[in-house]
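Presented below is the structure to which this report refers.
Protein chains: 4
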Amino acid sequence: MNDRYPTAATQSRGDFRSDNVARVEPSIMAALLAANTGTQPPYGADEYSTLLDARFSALFEAPCRVFPVATGTAANALALAACLRSYGGVFCHEGAHIRLSEGGAVTAFSAGGSLLPLKGEGGMFDARELAAGFDAAGIGNTQRAQPDAVSVTQVTERGRVYAPAAIAGIGAFAREKGLHFHMDGARFANALARLGCGPAEITTKLGVDILSFGATKNGAMSADAIVVFKPELVEPLRFLLRRAGQTWSKMRFAAAQLLAYVEDGLWLKLAAQANANATGLSQGLAAIPGVELLEQVDANIVFARLPPVTIDRMIERNFHFYRRAPDTIRLVCRYDAPVEAIDGLLEAARG
Amino acid sequence: MNDRYPTAATQSRGDFRSDNVARVEPSIMAALLAANTGTQPPYGADEYSTLLDARFSALFEAPCRVFPVATGTAANALALAACLRSYGGVFCHEGAHIRLSEGGAVTAFSAGGSLLPLKGEGGMFDARELAAGFDAAGIGNTQRAQPDAVSVTQVTERGRVYAPAAIAGIGAFAREKGLHFHMDGARFANALARLGCGPAEITTKLGVDILSFGATKNGAMSADAIVVFKPELVEPLRFLLRRAGQTWSKMRFAAAQLLAYVEDGLWLKLAAQANANATGLSQGLAAIPGVELLEQVDANIVFARLPPVTIDRMIERNFHFYRRAPDTIRLVCRYDAPVEAIDGLLEAARG
Amino acid sequence: MNDRYPTAATQSRGDFRSDNVARVEPSIMAALLAANTGTQPPYGADEYSTLLDARFSALFEAPCRVFPVATGTAANALALAACLRSYGGVFCHEGAHIRLSEGGAVTAFSAGGSLLPLKGEGGMFDARELAAGFDAAGIGNTQRAQPDAVSVTQVTERGRVYAPAAIAGIGAFAREKGLHFHMDGARFANALARLGCGPAEITTKLGVDILSFGATKNGAMSADAIVVFKPELVEPLRFLLRRAGQTWSKMRFAAAQLLAYVEDGLWLKLAAQANANATGLSQGLAAIPGVELLEQVDANIVFARLPPVTIDRMIERNFHFYRRAPDTIRLVCRYDAPVEAIDGLLEAARG
Amino acid sequence: MNDRYPTAATQSRGDFRSDNVARVEPSIMAALLAANTGTQPPYGADEYSTLLDARFSALFEAPCRVFPVATGTAANALALAACLRSYGGVFCHEGAHIRLSEGGAVTAFSAGGSLLPLKGEGGMFDARELAAGFDAAGIGNTQRAQPDAVSVTQVTERGRVYAPAAIAGIGAFAREKGLHFHMDGARFANALARLGCGPAEITTKLGVDILSFGATKNGAMSADAIVVFKPELVEPLRFLLRRAGQTWSKMRFAAAQLLAYVEDGLWLKLAAQANANATGLSQGLAAIPGVELLEQVDANIVFARLPPVTIDRMIERNFHFYRRAPDTIRLVCRYDAPVEAIDGLLEAARG
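Structural data, given as structure tokens:
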């Protein structure tokens with residue numbers, strides 16, 4: 456059932472495998488308890504879900520619909536399935552999670568849609584690279600998938616954060632060519648925390664049509680969501696969600712999590728803490744001779760090259776992370792990573 | 456977002472629309488809190504998920520794998536997708552939820568699989584009706600879907616409970632013909648409570664290969680599960696789940712719900728209470744002149760015919776239920792339906 | 456490989472199994488020979504294919520695009536796939552070929568689309584039955600397939616021919632509700648021959664948007680076609696055809712068949728002959744005591760009830776047809792059925 | 456309708472765009488005429504289709520089933536759909552026709568299957584490259600497509616011919632890992648003509664399980680076929696073919712083409728002529744200063760680099776071919792390319 460992490464390790468001295476190993480933030484748990492009174496109509500007709508649309512429309516400074524789903528894969532694949540014709544395709548980075556790590560979900564839910572890979576540093580591409588991909592795609596050629604959408608990951612799979620200007624460029628190109636613009640925001644809050652701007656500044660104001668809004672990696676229990684800004688995508692999405700088994704009967708408990716998550720800036724506080732944890736960790740690593748950071752640390756993910764024996768030692772000391780090559784590791788800092796874990800890992804790295 | 460219940464009504468005097476309007480049972484909520492400590496590996500490699508397999512294998516007196524999913528639709532459609540070839544079909548009752556109420560999910564996840572409807576009283580069919588359907592299916596005829604599976608709903612959509620002998624007959628036929636045997640157990644506990652037998656007595660001992668195990672309608676928050684008894688179905692299911700976006704990252708919180716649900720017979724107590732509520736309600740209704748019960752009340756669902764003016768009055772008095780025709784209603788009793796709600800509804804029915 | 460006809464019988468005294476057991480009409484074969492000179496660009500860019508659009512636009516008195524395909528199943532399924540959303544459905548008669556005899560092709564090519572069955576005598580439904588189906592379909596209900604199209608079969612599977620007024624009624628309803636209107640014209644010429652009207656009178660003038668144009672059953676070799684009258688359906692169809700492997704490289708040989716087929720009214724002459732054969736056969740049968748015609752014979756298909764021993768005798772005398780029940784047969788008359796075959800069959804039926 | 460060749464040009468002085476611009480070889484056309492007598496049961500139950508299995512089983516020195524289809528895309532996609540699970544993948548060259556030029560047909564017919572690209576010179580890969588791909592594929596990882604098959608193109612898209620030893624290596628690896636082994640033989644005869652061996656020497660004796668057998672590019676009208684050597688693939692294929700609308704009713708005319716095609720070595724004579732044409736053309740080109748052959752010419756395809764002005768001149772003189780870049784062209788020689796066309800093209804290339 457578990458592909459990457461064959462051995463469970465609950466007595467870890469520090470778990471940097473992903474931000475999804477974390478606990479539910481206590482105030483989100485409290486919101487679940489508070490929502491557990493009285494009856495509520497199912498499938499999103501409850502009071503909490505109704506509030507959700509209003510709350511997110513205010514946050515994003517544009518009318519939107521919010522559809523909670525169980526996982527980030529569901530959010531991405533169903534959002535894109537609403538955008539793609541069966542012979543359509545979505546431009547994305549060649550290292551995008553939707554292309555490499557979701558078991559073909561976009562293709563399956565779109566009944567044949569293709570991932571059209573673009574290159575670019577740090578898991579990012581820009582409008583120029585997108586334009587080149589578009590020109591090479593073969594518009595009208597029935598032998599080829601036809602571009603319907605473009606998807607960016609914010610924070611990227613390499614831990615980088617797109618600047619608003621880059622997003623604006625992509626958004627302008629998408630609008631010009633009639634492409635839907637999707638953002639995979641599995642770590643959307645971490646990007647906002649980094650950029651110090653409001654959610655609208657990197658989405659609705661720049662042409663994003665549909666957003667995979669991640670909360671699970673940043674303190675929720677099981678509440679990612681699809682946020683739809685473009686009205687024409689709502690109707691197909693409703694049907695795709697039902698068919699996908701993503702329309703929770705007790706939807707109030709998904710909505711309650713998301714409401715608590717954005718209440719009083721909780722999400723941004725948690726993300727800022729996770730980012731700060733990563734900054735501290737990366738600075739500590741960079742100061743160690745023989746250690747090299749492989750990417751600029753914009754958010755809560757650190758890629759580093761270390762001597763294999765050093766990595767072996769970190770593992771022996773019961774630290775957990777994802778080893779991508781004998782000398783390469785990925786460390787993800789969650790909001791509730793204890794100081795001792797980070798200090799301990801640095802100590803182990805130092806020898 | 457809500458198909459059947461256009462108006463939310465939180466100040467209902469009694470909500471009989473479905474058992475999914477209920478709260479989470481407090482001890483299940485407590486289990487969520489208890490699971491919220493430390494880190495756990497994601498995607499089902501956590502300690503709770505590991506316990507789940509062992510716990511359910513004991514319950515069902517046979518080795519099994521348990522895969523939590525977000526909804527009953529996901530459980531049914533993915534369980535059956537693991538059973539069906541793309542040109543395969545599943546026998547089910549013509550009124551089955553998988554055929555009428557899940558937006559084509561079985562067909563979508565199986566990439567073309569068909570629902571092969573059978574008739575029968577009370578939402579049930581028996582081995583003879585199944586055999587007739589099989590004989591008429593056109594085995595080997597490429598113009599027709601090829602039978603791969605049979606699915607029964609226990610409790611049925613009409614509120615009836617299959618007797619073990621009926622299940623045994625279907626199981627024997629399925630084994631003889633090489634059909635996978637699926638049970639939609641959205642209200643599995645209610646059936647057990649009615650029959651007074653153990654879970655193995657109506658599943659593993661009678662040839663059931665794969666079970667949609669419902670907990671959400673009976674006190675859980677968002678935890679249905681696919682329970683796989685036939686090992687060959689595990690591998691395809693793992694891939695289908697990931698692709699469907701049903702592999703929760705924080706799976707421990709799904710597992711914790713399910714563990715609490717079956718702990719100390721909680722599930723059976725809750726189901727017994729729901730069934731008793733329905734029995735009381737139906738007896739009260741049956742005693743009212745002009746009211747007719749349309750189905751035997753085996754579990755927690757009541758179908759009744761009443762004069763339209765009576766139904767109008769019940770609605771005016773702020774009771775909620777599903778009106779299927781001017782003179783026909785469905786009432787579902789949940790475990791936590793208050794006595795006053797039931798008494799109030801009866802009073803409204805009396806005039 | 457053969458589902459219905461387990462035993463080949465080339466020395467048949469009369470073959471009434473289907474009109475597709477016939478030869479290619481000689482002038483169509485001659486057209487293939489004539490097209491076999493010089494080089495031609497592939498995939499429909501040849502001169503013959505170009506002529507086809509113009510020729511059919513004149514025939515149907517409206518601009519259209521013609522896409523030859525290998526089979527009637529391909530024509531129907533791809534035409535409808537261009538009309539349906541993945542959660543869409545097409546109204547059709549419950550006995551329609553697309554629903555019962557094409558191996559789920561519509562559902563497969565539309566990635567989940569549903570067949571929404573309607574009842575009606577003679578394989579026909581009318582606007583009122585369509586309206587009732589539409590009202591019951593659950594528009595907006597995500598649990599149900601959403602109506603996108605309606606399909607009629609002309610000639611129907613029961614050998615009946617829709618009157619123009621009936622088609623007009625369906626077309627008007629389709630337009631009102633925004634449904635695409637598809638006609639399965641596997642035996643389109645036989646319907647025209649019966650009605651004595653031009654092709655536009657039962658298609659373009661009555662709202663038909665897309666037509667499966669059959670020629671194979673009426674003298675061609677392997678040339679059915681999708682004729683598209685509604686421009687918005689052309690683009691998706693082009694992509695679906697390529698993906699389906701229905702875009703012939705040497706398309707000129709498909710186009711040449713279709714051009715010869717409609718040249719100088721050949722198609723109507725062949726169809727009139729097939730219809731006349733069936734009329735003669737059915738009149739002969741009706742005159743035999745104990746024989747009952749089960750449907751009005753509008754075109755070239757005869758359904759009859761005979762004593763089982765009579766049918767046994769016909770089989771013993773080496774006549775071939777499709778026996779649907781011990782006392783029920785279907786006889787299809789092709790354009791080139793010899794007089795002796797028909798007379799011989801009648802003689803065998805008489806005893 | 457035509458993607459690559461926007462302008463038809465029937466008065467070409469020489470058409471080197473593809474071998475599918477050719478005529479039907481006269482003896483194949485004669486076979487169509489000869490088959491046009493009497494009635495035949497439909498859908499492959501005819502006498503010609505029956506002969507086909509026996510004839511090909513003899514040719515390939517192993518029992519096989521032959522399923523004619525309309526196009527090479529249909530042959531490839533349906534053959535592979537029979538091999539792939541919905542979450543499966545097929546290894547192929549990164550430049551394979553199935554990956555780049557068939558509109559996503561493999562993915563569509565397999566309901567989600569992936570193309571797993573391998574690199575290699577001349578459109579070929581070897582067992583070592585395949586093994587590396589297999590090792591990197593992530594067996595058991597639900598985030599990734601699972602290898603089910605490997606596909607080679609013989610002749611490759613770059614005009615190269617796999618040596619039997621290379622095929623043997625791939626076949627051995629496939630057998631070891633349980634992968635189905637598919638060969639795209641769109642130009643299978645050209646490969647045989649080059650290698651001078653029998654069909655079994657590069658297929659059945661080396662582990663090929665299923666073959667796309669091309670005849671259309673080498674003299675047939677519309678008759679490619681799937682040849683199945685592995686019995687377990689027959690059953691799914693039958694259903695997939697029907698559903699795909701590839702089960703011709705008048706199948707005898709497909710079978711008759713294929714029987715004539717392999718009669719008395721016709722196919723090998725035609726292929727040898729096409730190869731010889733390409734050899735002559737390529738030798739002529741290579742002798743021209745400033746012209747460079749980009750691939751070894753193993754069969755009937757020539758890739759060449761020429762000065763752009765030279766290419767412009769060839770186009771002005773009304774020669775037709777596919778220009779892949781300003782200075783790069785692909786020339787395909789068909790069996791019936793006239794000497795004057797080849798000489799004329801060389802003359803134009805010389806200036």
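Residue numbers (the numbering used here), protein chains in the order written: chain A, 456 to 806; chain B, 456 to 806; chain C, 456 to 806; chain D, 456 to 806. Using N, Cα and C, we set each Cβ at its ideal position, and we do this for glycine too. Just so you know, these numbers come straight off a predicted model, no measurement behind them.
As the crow flies, the alpha-carbon of A:Ala-509 is around 42 Å from that of B:Val-545. Taking all protein chains in view, the Cβ of A:Ala-489 is surrounded by fewer than 16 other Cβ atoms within 10 Å, so the residue is classified as exposed. Within the DSSP bridge table, the entry for C:His-548 names C:Leu-573 as partners. Beta bridge pairing from DSSP links C:Asp-664 with no other residue. Note on the region 636 to 710 of chain C: whole beta strand (DSSP E) runs with a minimum of 3 residues are 665 to 668, 679 to 683, in chain order. Within chain A, Thr-597, Gln-598 have C-beta atoms less than 8 Å from the C-beta of C:Arg-697, given in sequence order. Within the region 539 to 550 of chain D, the residues whose Cβ lies closer than 8 Å to any Cβ of chain B are, in chain order, Arg-540, Ser-541, Tyr-542. Counting along the chain, no alpha helix (DSSP H) covers C:Thr-492, and no H or E run does either.
In this structure, the straight-line span from the alpha carbon of D:Gly-669 to that of D:Ser-565 is close to 21 Å. Note that the region 499 to 519 of chain A touches the region 701 to 713 of chain A; at least 3 beta-carbon pairs, one per stretch, sit closer than 8 Å. The contact set of A:Gln-601 on chain C, defined by CB atoms closer than 8 Å, consists of Phe-694 in chain order. Interface with chain D (8 Å Cβ-Cβ cutoff): B:Pro-691 is included. Within chain A, the C-beta atoms nearer than 9 Å to that of B:Arg-472 come from Thr-494, Pro-496, Pro-497, in chain order.
In this structure, B:Val-521 is the residue among B:Thr-492, B:Asp-470, B:Val-521 with its C-alpha nearest to the C-alpha of B:Leu-714.
When Cβ-Cβ separations below 8 Å define contact, A:Ala-563 makes contact with chain D. According to the DSSP assignment, A:Gln-601 belongs to the beta strand (DSSP E) that extends over 601 to 608. For D:Gly-588, the closest Cβ of chain A is not nearer than 8 Å. Nearest CB-CB separation between A:Glu-557 and chain D: below the 8 Å threshold. Pairing A:Asn-645 with A:Val-682 gives a Cβ-Cβ distance that is not under 8 Å. Boundaries of the beta strand (DSSP E) harbouring C:Arg-778: 777 to 780, taken from the DSSP string. Assignment of D:Ile-743 by DSSP, reduced to helix, strand and coil, places it in the coil class. For C:Ala-566, the closest Cβ of chain A is nearer than 8 Å. At the C-beta level, D:Arg-697 and B:Thr-597 come within 8 Å of one another. When Cβ-Cβ separations below 8 Å define contact, A:Ala-741 makes no contact with chain B.
For A:Gly-588, the closest of A:Gln-601, A:Asp-791, A:Leu-736, A:Phe-643 by C-alpha to C-alpha distance is A:Gln-601. Shortest Cα-Cα distance from C:Lys-632 to any of C:Glu-771, C:Gly-662, C:Arg-599 involves C:Gly-662. Annotation for D:Gly-739: Leu-801 place their beta carbon closer than 7 Å to its own, counting only its chain and skipping 5 residues before and after.
Less than 8 Å divides the Cβ of C:Arg-615 from the Cβ of C:Met-579. The Cβ atoms of A:Leu-761 and A:Ala-648 lie no closer than 8 Å to each other. In the structure shown, C:Asp-753 falls within a coil segment according to DSSP collapsed to helix, strand and coil. Apart from the 5 residues on each side of it in sequence, D:Glu-549 sits with its Cβ closer than 7 Å to the Cβ of Pro-572, Leu-573, Lys-574 in its chain, given in chain order. Between C:Asn-491 and D:Met-484, the C-beta spacing is below 8 Å. Exclusion of the five residues before and after B:Phe-684 leaves Ala-517, Cys-519, Thr-659, Asp-664 as the residues of its chain whose Cβ lies within less than 6 Å of its Cβ. Taking a beta-carbon distance threshold of 8 Å, D:Asn-475 counts as an interface residue toward chain C. One Cα belongs to B:Gly-735, the other to B:His-775, and the distance between them is close to 18 Å.
The distance from the Cβ of D:Arg-613 to that of D:Glu-747 is about 15 Å, inconsistent with a contact at the 8 Å cut-off.
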